[in-house]
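S.K.: Residues in the sequence shown are numbered from -3 upward in steps of one, following the numbering used here.
A virtual CB, placed ideally from N, CA and C, is assigned to each residue, including glycine.
Here it is: the structure, laid out below.
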Amino acid sequence: MDLIEQLVSCSESLLEVLQHSADERDKQVEKVEQLLAEREKIIARLKQGSYENLHQHPQARKIVEMEQDIQKGLRRLYEDIKMDLKRWNEKKRLQQSYENAFSYVETYDGRFYDKRK
-3 MDLIEQLVSC SESLLEVLQH SADERDKQVE KVEQLLAERE KIIARLKQGS YENLHQHPQA
57 RKIVEMEQDI QKGLRRLYED IKMDLKRWNE KKRLQQSYEN AFSYVETYDG RFYDKRK
């Protein structure tokens, strides 16, 4: 299997992982990281090799199209994680304000000053 076919295979695997929303996001992120690292190694080997006619390869157009879909999938995964973190932080803040409702109130209503002598 030459490097370009390996790149196509790895890209297809990555695209498949990104298209299926996983219940276990940690496993999905771990798999994505693994496939991205593998893909990066293949691309580095392609750059080192003598592949001047890479754009003329029959799989070149497929790789470019998959790259665009991979970028969209990575952006979607990033946005999902970002929204989950935002939701989690909001939930945490609301829980803290519920447990300690008067922590942000700075009034001196509870003090009693005796002015008699």
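For a test of the three-state rule: what should DSSP assign to Asp(-2), helix, strand or coil?
M.R.: coil
S.K.: Does the Cβ-Cβ distance between Leu3 and Ile66 come in under 8 Å?
M.R.: no
S.K.: Let me know the secondary structure DSSP gives Arg112 once reduced to three states.
M.R.: In the displayed model, Arg112 falls within coil according to three-state DSSP, outside both helix and strand.
S.K.: Just how far apart, CA to CA, sit Glu122 and Tyr94?
M.R.: The first residue shown for the chain is -3 and the last is 113, placing residue 122 beyond what the model contains.
S.K.: Would a check of beta-carbon distances place Glu8 closer than 8 Å to chain C?
M.R.: Reference to chain C is not applicable here, since this structure consists of a single protein chain.
S.K.: How about Leu181 and Leu(-1): do their beta carbons lie closer than 8 Å?
M.R.: There is simply no residue 181 to check, as the chain begins at -3 and stops at 113 in what is shown.
S.K.: By the 10 Å Cβ neighbour count, where 16 or more other Cβ atoms means buried, how is Leu90 classified, buried or exposed?
M.R.: exposed
S.K.: Give the range of the alpha helix (DSSP H) segment to which Leu31 is assigned.
M.R.: Here the alpha helix (DSSP H) through Leu31 covers Arg21 to Gln44.
S.K.: With H, G and I counted as helix, E and B as strand and the rest as coil, what does DSSP make of Gln55?
M.R.: coil
S.K.: Report the residue from Leu50, Asp80, Glu61 and Asn96 whose alpha carbon sits nearest the alpha carbon of Asp22.
M.R.: Asp80
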